[in-house]
Every structure is written in C-alpha cells, then in structure tokens.
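S.K.:
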Amino acid sequence: MGGLKKLRFLDAAMNRLSGEIPADLFLAPRLESLHLYENELSGPVPSTLDKAPALNDLRLFSNRLVGELPPEFGRNCPLKFLDLSDNGISGRIPATLCSAGKLEQLLILNNELSGSIPQELGQCRTLTRVRLPNNRLSGAMPPDMWGLPRLYLLELAGNALSGTMGPTIALAKNLSQLLISDNHFAGVLPAHIGSLTRLVELSAANNQFSGPLPATLADVSTLARLDLRNNSFSGELPHGVRRWQKLTQLDLAHNRLTGNIPPELGELPVLNSLDLSNNEFTGGVPVQLESLKLSMFNLSNNRLAGNLSPLFSGDIYDDSFLGNLALCRGACSGARRAATRRHSLVGSVESVLTFAVAILILGVAWFWYKCRSQSQHKKRGEEPGDSKWIVTSFHKVEFEEEDLLSCLDDEDNVVGTGAAGKVYRAVLGNEDVVAVKKLRAVGGAAAARKHKGMTDTFEAEVATLGRIRHKNIVKLWCCLRSGDRGLLVYEYMPNGSLGDLLHGGKGGLLDWPMRRRIMVDAAEGLSYLHHDCAPPIVHRDVKSNNILLDAEFGAKIADFGVARVIDDNRGGPNAVSAIAGSCGYIAPGEPPTVLYPGLY
C-alpha cells in the first residue's frame with residue numbers, strides 16, 4: 001500500500017478487519033489521516049509508524065495491537081491527534097510525539113505502557129487532552145505538565161505515578177478535569193489550585209496526599225465533583241464552601257480531617273452525594289444538612305456527638321452515623337450522656353422544653369402531612385407506604401415533588417409514549433417547563449426476583465446520564481425513585497422529535513440548511529459520547545424519534561436505553577447497559593475537534 005502516492009485519508013473504522021496492519025501503509029508519502037479503530041486488528045504496531053511524513057491523525061483504538069511504539073514516532077510528522085486506547089501496547093511513551101509542536105490530543109488509555117512520562121511532553125503547549133489512565137506508568141510527573149495552558153483534560157488514574165503537584169498548576173487556566181486517582185502522588189495540595197476558575201472535576205482519591213486542604217479550594221466555584229478519599233489530609237474543611245453551588249458529589253472519606261462539619265454544606269442546592277466517613281470530625285450534625293436531598297449520605301466513624309434531629313431517624317439513615325459513639329437518636333442517656341458532656345455543654349431546662357415543643361410541632365405537622373398524603377394517594381390509586389420519593393438532582397432546579405406528581409394525573413399532559421413509559425409536559429411552580437418520563441412499574445411474580453438487578457442498573461444509567469454535559473444531549477435535571485417506580489426529569493424540547501416533524505406533515509418547516517444543522521448537531525452529540533467518555537457510550541438506538549428539537553430547532557440526542565432496563569424485567573433480551581464510565585466535560589465555548597466521516 002505504500003505505492004498509493006496520492007492517498008491522504010483512509011477510514012476503515014468499525015468493521016471486522018483482522019490480521020496485522022500492513023507495514024508499508026505508513027510509507028504512503030501523503031497519508032494524513034488513518035482511522036482503523038474498533039476492528040479486530042492484531043499483531044505488533046508496525047515499526048514503520050514513524051516513517052509517515054504527513055501523518056497528523058492516527059486512531060487505532062479498540063483493537064488487539066501489541067508491542068512497543070517506535071521510539072522516534074512523531075519526530076518526522078506533524079502529529080495532532082493520537083488515539084491508541086484499548087489495546088495491549090507496552091513499553092515507553094516516545095519522547096518525540098510532540099517534536100513538531102502540534103500535538104493536541106494524546107489518548108493511550110487502557111494499555112500496558114510503562115516507565116515515566118517523558119519530560120518533553122511538559123513542553124508541549126499545544127496539548128488540550130491527555131488521557132493515559134490504566135497503564136503501568138511510574139515515576140514523577142514532568143513539573144511543567146501540570147501547567148500546560150491549553151489543557152482542559154488531564155487523566156492519569158490507575159497508574160503508579162508519584163511525586164508532588166507543583167505550583168505550575170496555576171498556569172493551567174483552561175483545566176476543567178483533573179483525574180489522578182489511584183496513584184502514589186504525595187505532598188500537599190498546592191494553594192495555587194484555587195486559581196483554576198474552570199475546574200469542574202477534581203478526582204485524586206487513593207493517593208498519599210497530606211496536610212490541610214488549601215483555603216483557596218473553596219474559591220473554585222465551578223466544581224461539580226470533588227473526590228479526595230483515601231489520602232492523609234488533615235485539619236478542618238476550608239471556610240466558604242457555600243461557594244460550591246454547582247457541587248453534586250463530595251467525597252472526603254478515609255482522611256484525618258478534624259473540626260466541625262460546616263453548616264454551609266446544607267446550602268449546596270444540587271449536592272446529592274456526601275461522604276465524610278472515617279475522619280475525626282467532632283461536634284454535632286448540622287441541622288442545615290436536613291435540607292439536602294441526598295442519594296448517598298455517610299458520616300460514619302467520626303467523633304460526632306449530641307442528639308440527632310428526628311428527620312435523621314428513618315431507616316434510610318441506619319448506616320449513615322455508625323461508629324459515632326456519642327451520637328444519639330433521641331435524648332442521650334447513661335454512658336452516652338457522659339460521652340456527650342465531654343464534647344458539648346449540658347442543655348438547660350429551657351432548651352429541653354424548647355426541644356419538646358419542637359417535637360410536638362413536628363408530630364402535629366407529620367400527622368397532618370400523613371393524612372394529606374393518604375388522601376392524595378387514594379386519589380392516584382397508590383399505596384401510602386410507597387409515597388416516599390428519593391430525589392437525585394444533577395443540576396440546580398427548584399421544584400416541589402407535588403408539582404411533578406400533580407402533572408402526571410392529567411393525561412392531557414402526555415406528549416409521548418414508548419416502551420419505557422409515558423412522557424409528560426410539566427409546568428413547575430416557577431413557570432419553568434420540564435419533561436417527565438414516568439417509567440413503567442415492575443409487577444407480577446418476576447418483580448421480587450429482579451427488582452434488585454433493575455435498581456442497580458437504573459442507578460448506573462442515571463449516574464452516567466447525570467454527568468453528561470453537552471449542548472447536543474438532552475439535559476437530565478434529576479430523577480425520582482420510589483420502590484419499583486421511577487421518574488426522569490429532562491429539559492423540555494418544545495418542537496418534539498425529528499421523526500414527528502418529518503413524518504407528521506410538518507416536514508415543510510425544515511429547509512435544507514436547517515436539516516444540515518440538525519444533522520451536524522446530532523453528529524456532535526454522538527462524537528462526544530464516542531470519544532469523550534471513558535469507556536465510550538454507545539447509544540444503540542439512534543433514530544429520528546430520538547433526536548429532539550428545542551425552540552430554535554437545535555438538535556439534541558435523547559433516550560439512552562432506559563427501556564432496556566425495563567425489558568429485563570419483562571424477560572426480554574440482554575439488558576446490559578451500553579452506558580458506562582465517566583464522561584469528559586466539554587466547555588460550551590471550547591468544543592473538541594469533531595470530524596464527520598461520510599458527510600460531504
């Protein structure tokens with residue numbers, strides 16, 4: 001194939017090609033782009049890989065390639081995009097990959113790479129995405145690599161890298177995801193991390209970091225996920241955590257943190273997972289935490305003391321406070337009261353009376369609410385015991401559960417029906433409009449046997465959908481679950497589906513420029529799912545009915561296979577989810593380069 005002197009682009013991806021890659025393919029003098037990903041190619045990486053003088057885009061991911069990369073690869077070509085993920089490639093990362101000074105995306109995750117990361121990559125200022133997780137890399141990070149100015153994704157999890165995070169991190173002004181869990185990084189978290197004004201996810205779990213959390217960490221108001229579990233951080237949580245208004249997950253478990261739990265955590269509107277277990281926190285449980293709607297809540301194995309609020313007395317909290325010997329449900333007595341006195345002053349008679357009055361008021365309020373709930377459930381044909389809804393929110397959204405449930409009573413609000421259930425248009429109390437997918441409940445003898453499997457799969461699907469951030473994918477605001485029933489709350493798309501528009505007599509509204517725009521929007525959404533999520537998300541059901549249109553006829557992909565979860569409970573085909581892994585955050589103003597093979 002080296003005789004193909006005019007060959008510039010070759011795309012044979014997503015087929016069943018097998019055997020070895022022809023070595024002379026890289027001798028084609030004008031070859032710029034080679035896509036052979038998602039095949040069954042095997043054998044060693046051709047030693048001629050470094051001979052292609054014009055190669056700038058090489059994608060060989062998801063094959064069975066082995067062997068080492070040529071040590072001079074990149075020296076003689078203007079390499080921009082390299083993706084060799086999900087193979088068995090071993091050896092070292094070539095130091096010459098960025099010799100031409102044009103490398104933007106370096107993706108070699110899930111291989112057998114070893115040795116250290118070349119110092120030369122720390123000078124590659126064109127890099128925007130580096131993904132090297134799940135290899136065998138070791139040694140210290142190149143100091144300058146922490147501060148690459150255009151880098152927005154740095155993913156190094158699952159290696160044996162060591163050393164410290166240097167002050168050069170302050171230069172990484174575009175960094176939105178820093179994923180370095182499961183390594184041997186040590187030292188303190190530098191205060192300079194507070195200058196990362198675009199940081200959305202910081203995951204540094206299972207390392208050897210120590211010292212206090214920098215006070216500047218509270219300044220990163222863009223954080224959506226903070227995972228620092230299994231380190232040796234000490235001291236108190238930084239002041240000002242109320243600025244984390246976009247935070248959905250906070251995991252600081254298994255550290256040495258001390259002091260009181262900040263009441264401001266109760267002011268975080270979209271927080272749905274809070275784990276502060278296995279630390280040395282003292283004082284009481286802030287009553288402000290009662291306002292949170294958490295799917296995961298764990299304060300176990302600390303040194304908390306005092307009385308828990310009655311709102312934390314439900315069975316759902318049985319494991320949330322284990323190992324806090326001085327913490328009581330109800331009034332503390334005996335040995336527990338003695339332990340409590342070591343951590344807090346004895347309450348006065350006035351406070352006891354106030355507490356009793358508060359309990360009385362809560363009891364009356366509970367009785368009134370219970371009667372009201374039973375009346376409403378009878379109206380809806382539901383059992384009162386199933387009325388408790390667990391809410392998991394992924395974005396800031398203000399609504400009352402009754403706003404949603406009342407809309408489900410009116411069949412005039414139905415805007416769509418599918419295998420998974422019905423979709424309703426719901427107008428909230430603040431006049432916002434959302435779409436509510438009501439999943440069909442599981443019933444019959446199969447329910448008891450398969451309910452747990454359905455729940456686990458449903459939670460995995462929802463957890464992944466909730467992390468997706470892209471302008472061409474329908475936004476999942478939150479989900480609600482009660483027993484075998486589930487509600488998914490999406491942004492409302494007023495122009496319906498592309499299928500309805502094309503086949504419902506309104507196709508004339510779409511001129512050719514608009515159709516092209518819809519096609520490009522859908523392609524950008526799919527490209528994000530395929531190339532910016534690890535592992536990639538495979539939709540498996542892309543069709544016109546699953547392309548929804550907003551008020552401006554912008555296209556967004558919807559329906560990510562939740563129906564497969566439901567199918568499993570009907571005894572249907574394989575219901576294994578096609579959605580897995582974590583997704584890269586793409587800032588709206590800085591989308592990655594997207595290629596559209598087959599569009600001319």
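For the sequence shown, UniProt numbering begins at 1 and goes up steadily by one.
Where is the CB? At the ideal position from N, CA and C, for every residue including glycine.
1. Is it buried or exposed, Arg129, if we count other Cβ atoms within 10 angstroms and call 16 or more buried?
2. Lys422 to Leu487, Cα distance in whole Å?
3. Helix, strand or coil for His539? Go by DSSP, reduced to three states.
4. Using only alpha-carbon positions, find the residue among Gly88, Arg59, Asp86, Ser47 that is nearest to Phe73.
5. Please check the pair Glu38 and Ser18, which I expect to be a contact at CB under 8 Å, by giving their CB distance rounded to whole angstroms.
6. Closer than 6 Å by C-beta to Phe399: which residues in its own chain qualify, once you throw out the five before and the five after it? Chain order, please.
7. Can you tell me the Cα-Cα spacing of Val287 and Leu79, whole angstroms?
8. Please list, in chain order, all residues of the same chain as Met14 whose beta carbon is under 8 Å from its beta carbon, the five residues on each side excluded.
9. So which of Arg225, Asn87, Val45, Ser138 has the shortest CA-CA distance to Phe394?
10. Between Ile473 and Lys543, is the Cβ-Cβ spacing less than 7 Å?
11. Assign Asn255 to buried or exposed, taking buried as 16 or more other Cβ atoms, counted over all protein chains shown, within 10 Å of its Cβ.
12. Determine the contact status of Asn260 and Asn278, defining contact as a CB-CB distance below 7 Å.
13. Can you tell me where the alpha helix (DSSP H) holding Ser527 begins and where it ends?
14. Distance check for Leu199 and Glu431, CA to CA, integer angstroms please.
15. Going by C-alpha to C-alpha distance, which of Pro53, Gly283, Asn272 sits closest to Asn298?
16. From the DSSP secondary-structure annotation, give me the bridge partner or partners of Cys479.
17. Within its chain, find whatever has a CB closer than 8 Å to the CB of Lys102; leave out the 5 residues flanking it on each side and keep chain order.
18. Are the Cβ atoms of Met145 and Gly163 separated by less than 7 Å?
19. On a Cα-Cα basis, can you pick out the residue from Phe209, Asp11, Gln245 that is closest to Leu232?
20. Taking Ala100 as the reference, give the member of Leu237, Gln119, Asp275, Arg75 with the closest Cα.
21. Give me, in chain order, the residues of the same chain whose beta-carbon lies closer than 8 Å to that of Lys51; leave out the 5 immediate sequence neighbours on both sides.
22. Considering only the alpha carbon of each residue, which of Leu175, Ser203, Ser181, Asn206 lies closest to Ser195?
23. Do Leu217 and Pro190 have their C-beta atoms within less than 7 Å of each other?
24. How many whole angstroms separate the CB atoms of Pro29 and Ala54, which I take to be in contact at a CB cut-off of 8 Å?
25. Thinking C-beta only, is Leu65 closer than 7 Å to Asp83?
26. Look at the alpha carbon of Glu155 and the alpha carbon of Pro310, and state the distance between them as a whole number of angstroms.
27. Ile21: buried (16+ other C-beta within 10 angstroms of its C-beta) or exposed?
28. Below 6 Å CB to CB, which residues in the same chain sit around Gly571 once its five sequence neighbours on both sides are set aside?
29. Rounded C-beta distance between Gly67 and Ile89? I'm assuming under 8 Å.
30. Going by DSSP, what residue range makes up the beta strand (DSSP E) through Glu112?
31. Here's a check: name, in chain order, each residue in its chain whose Cβ is nearer than 7 Å to the Cβ of Ser313, leaving out the five neighbours to either side.
32. Please state the DSSP three-state secondary structure of Gln249.
33. Taking the CB atoms as reference points, tell me whether Pro133 and Leu171 lie closer together than 7 Å.
34. From Arg469 to Lys475, what does the alpha carbon distance come to, in whole angstroms?
35. Straight-line CA distance for Glu267 to Asp559?
36. Assuming residue 601 and Leu548 are in contact, meaning their beta carbons sit under 8 Å apart, how far apart are those beta carbons, in whole angstroms?
M.R.: According to the structure shown:
1. buried
2. 10 Å
3. coil
4. Ser47
5. With a Cβ gap of about 13 Å, Glu38 and Ser18 do not count as contacting.
6. Leu428
7. 56 Å
8. Tyr37, Glu38, Asn39
9. Arg225
10. no
11. buried
12. no
13. 512–531
14. 32 Å
15. Asn272
16. Thr392, Leu488
17. Asn56, Pro78, Leu79, Lys80, Thr126
18. no
19. Here residue 232 turns out to be Ser, not Leu, going by the sequence shown. Considering only alpha carbons, the answer is Phe209.
20. Arg75
21. Phe26, Leu27, Asn76
22. Leu175
23. no
24. 7 Å
25. no
26. 43 Å
27. buried
28. Note that Gly571 has pLDDT 40, beneath the 50 cutoff, so the model's placement of it is unreliable and the number below is only indicative. Nothing listed; no residue qualifies.
29. 7 Å
30. 112–115
31. Arg329
32. strand
33. no
34. 8 Å
35. 32 Å
36. Residue 601 falls outside the range modelled here, since the chain spans only 1 to 600, and no answer is possible.
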